[in-house]
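**Student:** Got a structure for you, written out below as structure tokens; questions coming shortly.
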Amino acid sequence: MTGLRERKKTSTRRALIEAALNLFEEQGFEATTVQQIADAVMVSRKTFNRYFASKEDVVLAHEEQLMDDWLDVIDARPRHESALTALHRSFREILTGPGRHPDEMNRRLRVQTLLQDNPALMGENMRRFAVREERLARHLAARSPVGLGFDARVLASTAFAAGRVAVQEWAAGPDPDVESSLQLIDRALSRLADLPPHPEPPSPEE
Numbered sequence: 013m014t015g016l017r018e019r020k021k022t023s024t025r026r027a028l029i030e031a032a033l034n035l036f037e038e039q040g041f042e043a044t045t046v047q048q049i050a051d052a053v054m055v056s057r058k059t060f061n062r063y064f065a066s067k068e069d070v071v072l073a074h075e076e077q078l079m080d081d082w083l084d085v086i087d088a089r090p091r092h093e094s095a096l097t098a099l100h101r102s103f104r105e106i107l108t109g110p111g112r113h114p115d116e117m118n119r120r121l122r123v124q125t126l127l128q129d130n131p132a133l134m135g136e137n138m139r140r141f142a143v144r145e146e147r148l149a150r151h152l153a154a155r156s157p158v159g160l161g162f163d164a165r166v167l168a169s170t171a172f173a174a175g176r177v178a179v180q181e182w183a184a185g186p187d188p189d190v191e192s193s194l195q196l197i198d199r200a201l202s203r204l205a206d207l208p209p210h211p212e213p214p215s216p217e218e
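In our numbering, the protein residues as written are 13 to 218.
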């Protein structure tokens, strides 16, 4: 019975997200109300609030779930891997793994379009980035017996910045599919691996 209940909850949550995205695209984010989203799925506002605190949460639910999945996969990576390698391989895994929902990339594209078109919504997403970065830094630090401290925070911040640029480029591309997303993520994170630990000394002419 518990399994059936969980499946029903997952189905309702997914239906609310889909209905919200449809309404946001049809009539705009600001013009859409929580009640309209609930009505589209034929549930009460109280039921909506069991899943989401606001309509902003509906849009950003995908980002939060992606973050949760990413951290779980990072934690499961072999401990001998460097933090950057674990970041890179885990991100590829959540994009291509067997548990990925078939509509995942399409939903991500729709969310990115909404974020780009709504400055207030993008601002809320950026505010939450700080929380996600801190979570990522803690998980990276936990991979080391002595912790990574400063290095973990820097790596988390730069990885998020690189990933954000890659996702924006992907969403604006002519063919935003899984493969193009992976190529951009590979390109962005490989830039971090290429950075020297110390700056090059100035040449005698400088």
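Yeah, the Cβ is synthetic: ideal placement off N, Cα and C, and Gly gets one too.
(1) Should Ala-88 and Leu-167 be called a contact, given that it needs their Cβ atoms to be closer than 8 Å?
(2) Runs of 4 residues minimum, wholly inside the region 122-159: which ones carry the alpha helix (DSSP H) assignment?
(3) Quick one, are the C-beta atoms of Ala-173 and Leu-201 less than 8 Å apart?
(4) With a threshold of 7 Å on Cβ separation, who are the neighbours of His-210 within its own chain once the five nearest residues in sequence on each side are excluded?
(5) With distances taken Cα to Cα, identify the nearest neighbour of Ala-178 among Arg-120, Lys-67, Asp-69.
(6) For Leu-16, is the classification buried or exposed, using 16 other Cβ atoms within 10 angstroms of its Cβ as the cut-off for buried?
(7) So, for Ala-149: in the same chain, excluding its five sequence neighbours on each side, which residues have a beta-carbon less than 6 Å away from its beta-carbon?
(8) I need the DSSP call for Glu-93, collapsed to helix, strand or coil.
(9) Let me know if Phe-162 comes out buried or exposed under the rule of 16 or more other beta-carbons within 10 Å of its beta-carbon.
(10) Let me confirm a value: Arg-57 is counted as buried when at least 16 other C-beta atoms fall within 10 Å, else exposed. Which label applies?
(11) When you compare only the Cα positions, how much space is there between Arg-139 and Asp-80?
(12) For Ser-102, does the count of other Cβ atoms within 10 angstroms reach 16, so buried, or fall short, so exposed?
(13) To the nearest angstrom, how far is the alpha carbon of Ala-73 from that of Ser-66?
(14) Excluding sequence positions up to five away, which residues of its chain have a Cβ less than 8 Å from the Cβ of Arg-147?
(15) Taking Gln-128 as the reference, which of Ala-184, Glu-18, Arg-62 has the closest Cα?
(16) Going by the beta-carbon positions, is the gap between Glu-136 and Glu-30 smaller than 8 Å?
(17) Please state the DSSP three-state secondary structure of Gln-39.
(18) Might you give, ordered along the chain, the residues of its own chain that have their beta carbon closer than 7 Å to the beta carbon of Phe-60, omitting 5 neighbours on each side?
(19) Determine the direct distance from the alpha carbon of Met-117 to that of Glu-181, and round the result to whole angstroms.
(20) Give me, in chain order, the residues of the same chain whose beta-carbon lies closer than 8 Å to that of Arg-122; leave out the 5 immediate sequence neighbours on both sides.
(21) Give the single residue among Val-71, Ala-171, Lys-20, Glu-145 whose Cα lies nearest to the Cα of Gly-40.
**Tutor:** Reading it off the structure:
(1) No, the pair does not count as a contact, with Cβ atoms beyond the cut-off.
(2) 131-154
(3) 8 Å or more divides the Cβ of Ala-173 from the Cβ of Leu-201.
(4) Model confidence at His-210 stands at a pLDDT of 44, short of 50, so the residue's coordinates are unreliable; what they give is reported in the following sentence. Result list for His-210: empty, nothing under 7 Å.
(5) Closest option to Ala-178, Cα to Cα, is Arg-120.
(6) When all chains shown are included, Leu-16 counts as exposed.
(7) Ala-164, Arg-165, Ala-168
(8) coil
(9) Here Phe-162 is exposed, its C-beta having fewer than 16 other C-beta atoms within 10 Å.
(10) exposed
(11) 17 Å
(12) buried
(13) 11 Å
(14) Met-79, Leu-83
(15) Ala-184
(16) no
(17) helix
(18) Around Phe-60: Leu-28, Val-46, Ile-49, Ala-50.
(19) 14 Å
(20) Leu-33, Glu-37
(21) Val-71
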